[in-house]
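Student: Mind having a look at this structure? Questions to follow.
There are 2 protein chains.
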Amino acid sequence: MGDVWKALADPTRRKILSLLKSHDMNAGEIAAEFNMTKPSISNHLNILKQADLVDAEKQGQNVVYSLRTSVLEDIMSMLSDLTKRGED
Amino acid sequence: MGDVWKALADPTRRKILSLLKSHDMNAGEIAAEFNMTKPSISNHLNILKQADLVDAEKQGQNVVYSLRTSVLEDIMSMLSDLTKRGED
DNA sequence: TAGTTAATTAGATAATTGTCTAAATAACTA
DNA sequence: TAGTTATTTAGACAATTATCTAATTAACTA
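Chains A and B, in that order, give the protein sequences. Everything in the first sequence is counted per this note's numbering, starting at 1 for the first residue and increasing by one. Everything in the second sequence is counted per this note's numbering, starting at 89 for the first residue and increasing by one.
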């Protein structure tokens, strides 16, 4: 499984997640939001998928991406743990 | 200001934060927890400092590091936002 | 079936990153 | 003051990363 933290470290990937928040999008629609080639976006999507941050489902000739929140909850709980200082 | 997400992307740096959770530590004590040279740890500490994730205070010949949670709260709120889907 | 569209894979490359050793700085101590 | 200890800075290097172009795969359409 891919590294969630590394996946979140890139601003393009964080923006992709943020776009997917409101509604699912296919790869082309996502790419259109960036000033970047489709293969580059495809690479980012793959990293997000490996980190279990998105799901990909083929629909016809499109691939529709959707947000997966389970892993986000995990790292939020780890962060929340850090903020509860001294309790250890 | 340094990039918080990049700072959190490295496991060594996350472990440093986690160590600082229970109590402040000086650079040498931190370095002793890792199988890595002091300059390497010093570099990691600097990245954490630039990201405002730790504070550094010179005490005699030691430099004592402590956890700063304010930025963590910021990114937690961003993550929490992502998990609240569809509300956009 | 041939052509078009959507997306990914392959391969190259420049930039960034994590680590090291050696040197420098700063503070304490005999 | 000379030596020791703690930490950082400097410089080098290998590995990883983000990006590109070109080629490939898969699905639809006339």
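C-beta atoms are modelled at their ideal positions from N, C-alpha and C, and glycine is treated no differently. Given the structure is predicted, the values throughout are model-derived calculations rather than measurements.
To which residues of the same chain is M25 of chain A closer than 8 Å at the C-beta, ignoring the five residues directly before and after it?
Tutor: Position 25 of the first sequence holds residue 25 of chain A. Closer than 8 Å at the Cβ level, and outside the excluded window around M25 of chain A, lie L19, V64 and Y65.
Student: Following the continuous beta strand (DSSP E) through E57 of chain A, name the residue where it begins and the one where it ends.
Tutor: Here residue 57 of chain A is taken as the residue at index 57 of the first sequence, counted from 1. First-last of the beta strand (DSSP E) with E57 of chain A: V54 to Q59.
Student: Quick one: grab the DSSP three-state call for M1 of chain A.
Tutor: Position 1 of the first sequence holds residue 1 of chain A. It is coil, neither helix nor strand.
Student: Considering just the uninterrupted stretch of the alpha helix (DSSP H) at N134 of chain B, what are its terminal residues?
Tutor: On the second sequence, position 46 is the one that residue 134 of chain B refers to. Run containing N134 of chain B: K126 to Q138, per the alpha helix (DSSP H) assignment.
Student: Grab me the residues of R101 of chain B's own chain with a C-beta within less than 7 Å of its C-beta, minus the 5 sequence neighbours each way, in chain order.
Tutor: The sequence position of residue 101 of chain B within the second sequence is 13, counting from 1. Answer for R101 of chain B: A95, H132, I135 and L136, listed in chain order.
Student: Rounding to the nearest angstrom, what Cα-Cα distance links I104 of chain B and N62 of chain A in this structure?
Tutor: By 1-based counting over the second sequence, the position of residue 104 of chain B is 16. By 1-based counting over the first sequence, the position of residue 62 of chain A is 62. Rounded to whole angstroms, I104 of chain B to N62 of chain A spans 43 Å at the Cα level.
Student: Using a beta-carbon distance cut-off of less than 7 Å, what residues from the region 109-143 of chain B approach chain A?
Tutor: Answer set for the region 109-143 of chain B: K109 and S110.
Student: Give a yes or no on whether the minimum CB-CB distance between K15 of chain A and chain B is below 8 Å.
Tutor: As a working mapping, residue 15 of chain A is identified with position 15 in the first sequence. Not an interface residue.
Student: Compute the distance between the beta-carbons of A51 of chain A and D3 of chain A, then report whether it is under 8 Å.
Tutor: Counted from its first residue, the first sequence places residue 51 of chain A at position 51. Counted from its first residue, the first sequence places residue 3 of chain A at position 3. Yes. Within cutoff.
Student: In chain A, which residues lie less than 7 Å from L96 of chain B when you measure between Cβ atoms?
Tutor: Locating residue 96 of chain B in the second sequence gives position 8, counting from the first residue. Simply W5.
Student: Spatial neighbours of V142 of chain B within its chain, please: C-beta separation below 8 Å, excluding the five flanking residues on both sides.
Tutor: Locating residue 142 of chain B in the second sequence gives position 54, counting from the first residue. Excluding residues within five positions, the ones whose Cβ falls inside 8 Å are I104, L105, L108, L133, L136, Y153, S154, L155 and R156.
Student: Can T37 of chain A and E161 of chain B be called in contact, C-beta distance under 8 Å?
Tutor: Residue numbering aside, residue 37 of chain A sits at position 37 when the first sequence is read from its first letter. Residue numbering aside, residue 161 of chain B sits at position 73 when the second sequence is read from its first letter. No; because the gap between Cβ atoms is not below 8 Å, this pair is not in contact.
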